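Engineer: Residue numbers are given in the working numbering: position 157 of the sequence shown equals residue 283, and the series is strictly consecutive.
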Amino acid sequence: MTKPAESIPITIHKTRSSRRQQMCKSMLIGIGLRLITVILELVGYSYFHSAALMADVFSSLIDIICSSCLILCIYLADKPPDQNHPFGHGRVEPLAGLQLSVLLMIAALVLGLQLVFHKASIEPPHSYAWSISLSVIIALECGFRYIKKIAIQQKSPVLLAEAFHYRIDMFSSLFAVIALLLATICPKYGYLFDHLGVIAIALLMMFMGAKTAWHNLQQLLDHVPETSYFEQVRLAALSVKGVFATEKIKIQIYGPDAHVGIDIEVAPQSSVQEAHRLTQLVRLEIQKSWPAVRDVIVHVEPHYPTNS
127 MTKPAESIPI TIHKTRSSRR QQMCKSMLIG IGLRLITVIL ELVGYSYFHS
177 AALMADVFSS LIDIICSSCL ILCIYLADKP PDQNHPFGHG RVEPLAGLQL
227 SVLLMIAALV LGLQLVFHKA SIEPPHSYAW SISLSVIIAL ECGFRYIKKI
277 AIQQKSPVLL AEAFHYRIDM FSSLFAVIAL LLATICPKYG YLFDHLGVIA
327 IALLMMFMGA KTAWHNLQQL LDHVPETSYF EQVRLAALSV KGVFATEKIK
377 IQIYGPDAHV GIDIEVAPQS SVQEAHRLTQ LVRLEIQKSW PAVRDVIVHV
427 EPHYPTNS
């Protein structure tokens with residue numbers, strides 16, 4: 127009898143590769159949009175000398191660094207298991223995400239402290255300074271919609287989080303617009319509104335950093351994933367002829383990788399060879415249903431129907 131192949135099918139490899147390429151492509155486009163916004167804000171700052179615009183530039187540069195590091199981490203995390211890393215390299219992604227989140231919170235703290243010790247200027251911002259931030263808002267919203275579309279297509283929670291990162295940055299720029307508009311309406315208190323916009327941006331950066339740090343920490347601490355994943359795994363296992371029921375299901379998610387442990391129930395009289403064949407089929411069906419699954423451990427239990 128021919129033994130079922132135990133390697134991951136080539137179609138799953140292609141699916142993972144295509145997913146990685148789509149994710150990186152969307153992030154590169156996003157980085158390009160951010161670079162355009164940085165140039166616009168620097169030009170605006172050179173003409174209008176707005177602290178809110180400069181704070182937005184600072185935030186955008188941090189975001190570009192974070193996005194660039196995340197692209198590198200996506201490639202590293204998708205590397206296959208090796209002798210020293212039998213469970214793959216998926217932890218690279220949440221670990222890097224945690225470090226970048228902490229960096230973002232530190233940057234927000236530094237920005238706030240600089241504002242506290244910065245001598246307030248009595249010169250109000252230029253009346254057209256808000257137009258720069260308005261252009262940035264449009265660019266960031268376009269980035270949000272595009273990356274969100276790819277995230278939904280590829281079912282990527284990491285990319286979806288990056289998309290909402292753009293949405294949060296859009297609100298950050300919106301704070302700058304409001305501050306500059308208020309400064310235009312009330313020139314006497316222009317510097318005050320301008321600095322309040324910086325404070326709002328710093329607080330938003332702190333909140334965003336704390337939220338993403340918590341999300342990445344959840345993965346590193348093996349927090350239970352969404353219920354939908356368990357149902358997806360259960361249905362995939364039950365699609366195999368000869369599997370009558372499932373018992374315990376355990377799922378770990380690290381970045382692009384998922385690891386599944388599942389107990390299946392088969393006929394009590396099944397031979398070891400038959401039980402082994404069913405476990406291989408269950409593993410294959412789960413990986414077909416969810417290509418992010420790197421490894422599946424299947425335990426076999428006898429099935430005893432309960433009498434009604």
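Cβ atoms here follow ideal geometry from the backbone N, Cα and C, with glycine treated the same way.
As the structure is a prediction and not an experimental result, all values here were calculated from the model.
(1) Using the Cα positions of Glu-391 and Ala-203, report the straight-line distance between them to the nearest angstrom.
(2) Hey, how far is the Cα of Thr-372 from the Cα of Met-149?
(3) Between the segment 329–349 and the segment 360–370, do at least 3 Cβ pairs fall closer than 8 Å?
(4) Go through its chain and collect everything with a Cβ distance to Ile-190's Cβ below 8 Å, but skip five positions before and after it.
(5) Is Glu-352 helix, strand or coil when you go by DSSP?
(6) What beta strand (DSSP E) runs, 3 residues minimum, are completely inside the segment 154–197?
(7) Return yes when the Cβ of Arg-271 is within less than 8 Å of the Cβ of Tyr-380, no when it is not.
(8) Give the DSSP-derived three-state secondary structure of Asp-208 in the structure shown.
(9) On the DSSP bridge list, what partners appear for Val-426?
(10) Opposite Ala-384 in the DSSP bridges: which residues?
(11) Alpha carbon to alpha carbon, how far is Gln-358 from His-291? Give it in angstroms, no decimals.
(12) From the DSSP output, in three-state form, read off Lys-374 for me.
(13) Evaluate the contact criterion for the segment 257–276 versus the segment 224–243: three or more CB pairs, one atom per stretch, below 8 Å.
(14) If the criterion is Cβ atoms closer than 8 Å, does the pair Ile-166 and Ser-261 meet it?
(15) Could you check how far apart the C-beta atoms of Cys-192 and Leu-239 are, in whole angstroms? I think they sit under 8 Å.
(16) State the Cα-Cα distance for the pair Glu-249 and Ser-143, rounded to the nearest angstrom.
(17) Below 8 Å on the Cβ atoms is my contact criterion, and I expect Gly-214 with Pro-220 to pass it. Report the Cβ-Cβ distance as a whole number of Å.
(18) Under three-state DSSP, which class holds Pro-220?
(19) Considering only their Cβ atoms, is the gap separating Val-422 from Val-369 smaller than 8 Å?
(20) Is the beta carbon of Phe-319 sitting closer than 8 Å to the one on Leu-308?
(21) Work out the CA separation of Ala-326 and Ile-200 for me, nearest whole Å.
(22) Less than 8 Å between the CB atoms is what I'm expecting for Pro-394 and Pro-428, so what's the real figure, rounded?
(23) Just the Cα atoms here: how many angstroms apart are Ser-186 and Gln-399?
(24) Within the same chain, show all residues whose beta-carbon is closer than 6 Å to that of Lys-374, passing over the 5 residues directly before and after it, in chain order.
(25) Please say whether Ala-384 and Val-419 have beta carbons closer to each other than 8 Å?
(26) If you draw a straight line from the alpha carbon of Met-296 to that of Ala-265, how long is it in whole angstroms?
(27) How about Thr-405 and Val-424: are their beta carbons less than 8 Å apart?
(28) For Ala-328, which residues in the same chain have their Cβ closer than 6 Å to its Cβ, ignoring the five residues on either side in sequence?
(29) Check whether the Cβ atoms of Val-303 and Ala-181 sit closer than 8 Å, and answer yes or no.
(30) Taking the alpha carbon of Leu-346 as the reference point, which residue from Pro-212, Pro-417, Gly-223 has its own alpha carbon closest?
(31) Can you list, in chain order, the residues of its chain whose CB lies under 7 Å from that of Ile-258, leaving out five sequence neighbours each side?
(32) Do Ser-152 and Ile-278 have their C-beta atoms within less than 8 Å of each other?
Structural biologist: Straight from the coordinates:
(1) 33 Å
(2) 34 Å
(3) no
(4) Ile-157, Arg-160, Leu-161, Val-164
(5) coil
(6) none
(7) no
(8) coil
(9) Ile-390
(10) Ile-379, Val-419
(11) 28 Å
(12) strand
(13) no
(14) According to the sequence provided, residue 166 is Leu. The question's Ile does not apply to it. Result yes, Cβ atoms of Leu-166 and Ser-261 sit closer than 8 Å.
(15) Not quite, the Cβ-Cβ distance comes to about 21 Å (not below 8 Å), so this is no contact.
(16) Residue confidence is low: Glu-249 scores 49 on pLDDT, short of 50, so the model does not pin down where it sits. No coordinate-derived value is stated.
(17) Contact doesn't hold; Cβ gap of about 13 Å is too wide.
(18) helix
(19) no
(20) yes
(21) 31 Å
(22) 4 Å
(23) 58 Å
(24) Asp-389
(25) yes
(26) 9 Å
(27) yes
(28) Ala-234, Leu-237, Gly-238
(29) no
(30) Gly-223
(31) Leu-166, Glu-167, Gly-170, Leu-179
(32) no
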